[in-house]
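Be aware that the sequence shown starts at 1, since it is given in our numbering, and climbs by one per residue.
The beta-carbon is built from N, C-alpha and C at its ideal position, and this holds for glycine as well.
Quick caveat, the model's predicted, so the values are computed rather than measured.
Input: a single structure, listed below in C-alpha cells.
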Amino acid sequence: MCSENTDNLPFMKMHGLGNDFVVVDARVQTRVITPEMAKGIGHRHFGVGFDQLALITRGKGDAHLTFFNSDGSLSAACGNATRCIARFIMDETGKSELHLTTDRGDLAAKDAGNGLTSVNMGLPQLDWTEVPLARQMDTLALPIDGSPTATGMGNPHCTFFVDDVMGANLEEIGPRIEHHPLYPERTNVQIAQIIGPDHIRMRVWERGVGVTLASGSSSCATAVAAARRGLTGRQVRIDLDGGTLHLNWAEDGVWMTGPTSHVFSGVFTTAFLDSLK
1 MCSENTDNLP
11 FMKMHGLGND
21 FVVVDARVQT
31 RVITPEMAKG
41 IGHRHFGVGF
51 DQLALITRGK
61 GDAHLTFFNS
71 DGSLSAACGN
81 ATRCIARFIM
91 DETGKSELHL
101 TTDRGDLAAK
111 DAGNGLTSVN
121 MGLPQLDWTE
131 VPLARQMDTL
141 ALPIDGSPTA
151 TGMGNPHCTF
161 FVDDVMGANL
171 EEIGPRIEHH
181 PLYPERTNVQ
191 IAQIIGPDHI
201 RMRVWERGVG
211 VTLASGSSSC
221 ATAVAAARRG
231 LTGRQVRIDL
241 DGGTLHLNWA
251 EDGVWMTGPT
261 SHVFSGVFTT
271 AFLDSLK
C-alpha cells in the first residue's frame, strides 16, 4: 500500500462473502475522506465500487474503524468489513486476538482457524429506543405487514421471516422498509427462511446501499431475532447469497465467524480524488 506520489491515496479491495469494501489505511496517510469522496469512490462505473468504505485509524486498541455506505452516509457498524480488517491486522502484526473500536463500541476479534476470522459484534440492542424506532413498541413484532422483528447491532435492522426467501421481492420490499416512518435513521432489511433449528437462509437489503451478497450485522440481527422468536437456538448457520456465516449469540455478545478475502491493492490518483471535491 505505497505510492511514489504522496498526494495519491493507497487502498485495498476486500470482501467477506461478496460483501465488498474499499479499505483505506489512514494510519499511514492523512487525506481526509469526505462523504462526497466516499460516494464517488463507491460508484461501480466511475469509481471502484463497494458496499462500504472502511477507514483504519489509530485508536485506544489495535485500531479504530469508521464506515461509509456507498451513498456516502456513515454506518456505525459493518461486521464483514471488521472481519476483513481484523484478518489484515492479524497478518500484519502476528496477533491472533485484537481489540478494535468503532462508533458501535469496542469489538473483539480473533483467528478462528482454517482461514476463518471471528468478531464479537457486541450485545444486541433490543429496546425500541436503542434500535432506534420512532415510538414505543414491542421490537419482537412490529406493526408492519409481516410482523418483522427490530434489532439494533450498532445500526438498525428489520427482519422478516418467510416460508420462501427466494419468492420474496427484496428489490421492492427493501427500499420501502428502509425508509419506513418507524425507522427514523432508516434500516437494513433482511428476508429470512428457517431451514432448521440451527440453519437459516437469508437475503439482505442494506441501508444506503441496496441488495448485497452478504451482511455481517444483518446476519447478527437475524440470528438474534430468530432466537428471540423461538425459531432457532442461539447458534446458527446463515446461508447468504455470497456464502455462509456462523453466528453465536453468547453472553458477551454476538460472535460472527466466516472467511475473508483481500482481492487487490491499488492507488487512487490525485486527479480522480480532486474530481470528487
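Closest by C-alpha distance to Arg87, when choosing among Ser73, Arg228 and Gly115 = Gly115
Checklist entry - Can you tell me whether Val165 is buried or exposed, with buried defined as 16 or more other CB within 10 angstroms of its CB? => result buried
Problem - Cα-Cα separation between Thr212 and Trp205, rounded to whole angstroms - result: 6 Å
Would you identify the three-state DSSP class for Leu170, choosing helix, strand or coil?
helix
message: Rounded to whole angstroms, what is the Cα-Cα separation between Gly196 and Leu245?
response: Rounded to whole angstroms, Gly196 to Leu245 spans 15 Å at the Cα level.
Q. So which of Arg27, Phe68 and Ala26 has the shortest CA-CA distance to Gly42?
A. Phe68
**Request:** Could you tell me whether the region 132 to 143 touches the region 105 to 124, where touching means 3 or more Cβ pairs closer than 8 Å?
**Result:** no
- Message: Judging by CA-CA distance, which residue of Ser219, Met37 and Ile56 is the nearest neighbour of Gly47?
- Response: Met37
* **Cβ-Cβ separation, Glu178 to Val189 (assumed contact under 8 Å), whole Å** => 6 Å
My output table needs one value for Thr270: the three-state DSSP class, helix, strand or coil.
helix
query = Helix, strand or coil: how does DSSP classify Arg31 here?
reply = In the structure shown, Arg31 falls within a coil segment according to DSSP collapsed to helix, strand and coil.
### Message
With distance defined between alpha-carbon atoms, name the residue in Gly79, Thr30 and Asn80 nearest to Thr57.
### Response
Of the listed residues, the one whose Cα sits closest to Thr57 is Thr30.
- Throw me the rounded Cβ distance for the Gly174 and Leu17 pair, which I believe falls under 8 Å. About 18 Å separates the two Cβ atoms, so there is no contact after all.
- Measuring CA to CA, which of Asp7, Thr270 and Asp111 is closest to Gly94? Of the candidates Asp7, Thr270 and Asp111, the one whose C-alpha sits nearest the C-alpha of Gly94 is Asp111.
Under the DSSP definition of a beta bridge, which residues are partnered with Ile195?
-> In DSSP, Ile195 forms no bridge with anything.
message = Distance check for Ser217 and Asp62, CA to CA, integer angstroms please.
response = 21 Å
- Inter-residue spacing [alpha-carbon to alpha-carbon] between Arg83 and Pro35: 23 Å
Looking only at DSSP bridge pairs, what is Gly49 linked to? Looking at the DSSP assignment, Gly49 forms no beta bridge with any residue, so it has no partner.
Notebook entry, point to check: Which of helix, strand or coil does DSSP assign to Arg201?
Noted result: strand
Next item on the list: Give me whichever residues DSSP pairs with Phe68 in a beta bridge.
Entry: The partner list for Phe68 (beta bridge, DSSP) reads Leu53 and Leu74.
Can you give me the start and stop residues for the alpha helix (DSSP H) that Gly216 sits inside?
Boundaries of the alpha helix (DSSP H) around Gly216: Gly216 to Arg228.
Within 10 angstroms of its Cβ, does Arg104 collect 16 or more other Cβ (buried), or is it exposed? buried
- prompt: Just the Cα atoms here: how many angstroms apart are Met1 and Pro148?
  reply: Per-residue confidence for Met1 stands at a pLDDT of 45, beneath the threshold of 50, marking its modelled position as unreliable; the derived number appears in the next sentence. Answer to the nearest angstrom: the Cα atoms are 43 Å apart.
For this session: Taking only the alpha-carbon atoms, compute the straight-line gap between Glu4 and Phe268 and give it to the nearest angstrom.
Result: Its pLDDT being 48, under 50, Glu4 is placed unreliably in this model, and the coordinates cannot settle the point.
Exercise. Which two residues bound the contiguous beta strand (DSSP E) that contains Met256?
Worked result: Met256 -> beta strand (DSSP E) spans Gly253 to Pro259.
*With a CB to CB cut of under 7 Å and the five nearest residues on each side skipped, what residues in its chain are close to Asn8?*
Once the five neighbours on either side are set aside, the close Cβ partners of Asn8 are Val267, Phe268, Thr269 and Thr270.
Alpha-carbon spacing of Ala221 relative to His99, whole angstroms:
22 Å
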